[in-house]
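Reading the sequence shown from the start, the letters are residues -22 to -1, 1 to 307 in mature numbering (1 follows the signal peptide of the UniProt record, and there is no 0).
Comments concern the structure below.
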Amino acid sequence: MRWTTVVAILLGLMAVPVPGLAAQVGFEVVRIPNGAQPPLTAGIWYPTDAPATSHSVGELTQVVAPDAPLAGDRLPLVVLSHGGGGWYGGHYDTALALAHAGFVAAAVSHAGDTVDDQSGVLQLWRRPEQLHRLIDYMLDTWHGHERLDGTRIGAFGFSNGGFTVLVAAGGVPDLSTIAPFCEVHAGQDLCEALRHAGVDLRFAADVPARAWVHDPRIRAAVVAAPSFGFAFGRAGLCGVSVPVQLWSAADDRHQPHPYYDEPVRDDLPRAPDYHLVADAGHYDFLPPCDARLSRMRPALCNSLPGFDRAAFHDRFNADVVRFFRTMLP
């Protein structure tokens, strides 16, 4: 959908290594079986002792060691879920920061809700199942699976990915709330985008609770600007018992307050580690854009005057790493 189209040209921010931990990051792209559907594509970042150099993945440039040997044992795993219209590399800077800190970070491109496949934009129940398949693959099939610690698994998600992670951690949304919400708030960017995309908001009204796949292996979650936060409610979030770090952009005009982040903050059974980022917009949770992408996608790339997205991401990634290191000891 146009409001979350993440073009794969994200350049610029390289994660800062954590002293005393992995100096370099290995990287690979894998294909994951997805039942009767085509395989899922995922990117995996991991600590390595091999030398890293600048490499391209699609139109993304990052400093990694492709297909390098994995370094370490009993490594914690963090899975990442991108926003609507994104791809597995949409939060590459956070994945790099996690890998530098000794985590394995794995991000899946959510089939039906990617930059080049919008066939299932409101079939939100597909996303948690795909995240579940990613965890299965990492623990059972990935070449380094025996060196992962299955008791130390976290999940990170932004926008639609934040919604995905809340479901995977035990949340049960009620999608029948979307149509009446958009009737009342028709001018909101989210509702305008759904209408522009020709999405029938009523078709998902009868999604049964059993359609939402939970993954009890997830022990901690970082959620940034979650979409459809109003669709959960206290009852829908009562099953989320893991610690949550919740991020909110104070100037989020795509998902304006108080319908998205605040209901999640207020209705979680366990108070989250809540961060309200002054002057940040919705897309400031994406890595900084290079000059070319800024020209092509100003709505995606432009921040408020004086807001330094690169400096924010240094702090943001450090806080995300710190949270997971604390909650996944």
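The beta-carbon is built from N, C-alpha and C at its ideal position, and this holds for glycine as well.
- Note on Val162: under 16 other CB atoms within 10 angstroms of its CB, so exposed under the neighbour-count rule.
- Shown here, Pro158 sits in a helix according to DSSP, grouped into three states.
- In this structure the segment 203 to 223 touches the segment 241 to 256; the number of beta carbon pairs closer than 8 angstroms is three or more.
- When the beta-carbon positions are compared, Ile131 and Ala85 stay at least 9 angstroms from each other.
- In the three-state DSSP reduction, Ser226 falls in the strand class (E or B).
- Here the C-alpha atom of Gly149 lies approximately 19 angstroms from the C-alpha atom of Val56.
- Within a 10 Å sphere around the beta-carbon of Thr142 sit 16 or more other beta-carbons, which makes this residue buried.
- Collapsing the DSSP output to three states places Ser97 in coil.
- Of the candidates Ala30, Val200, Pro16, Ala14, Ala30 places its Cα closest to the Cα of Glu6.
- In the DSSP annotation of this structure, Tyr238 is not part of any beta strand (DSSP E), being labelled neither H nor E.
- For Ser272, the enclosing alpha helix (DSSP H) covers residues 269 to 274.
- Excluding residues up to 5 positions away in sequence, Ala209 lie with their Cβ nearer than 6 angstroms to the Cβ of Asp152 in the same chain.
- Closest in C-alpha terms to Tyr261, from the list Tyr238, Asp244, His232, comes His232.
- The three-state secondary structure of Thr72, taken from DSSP, is helix.
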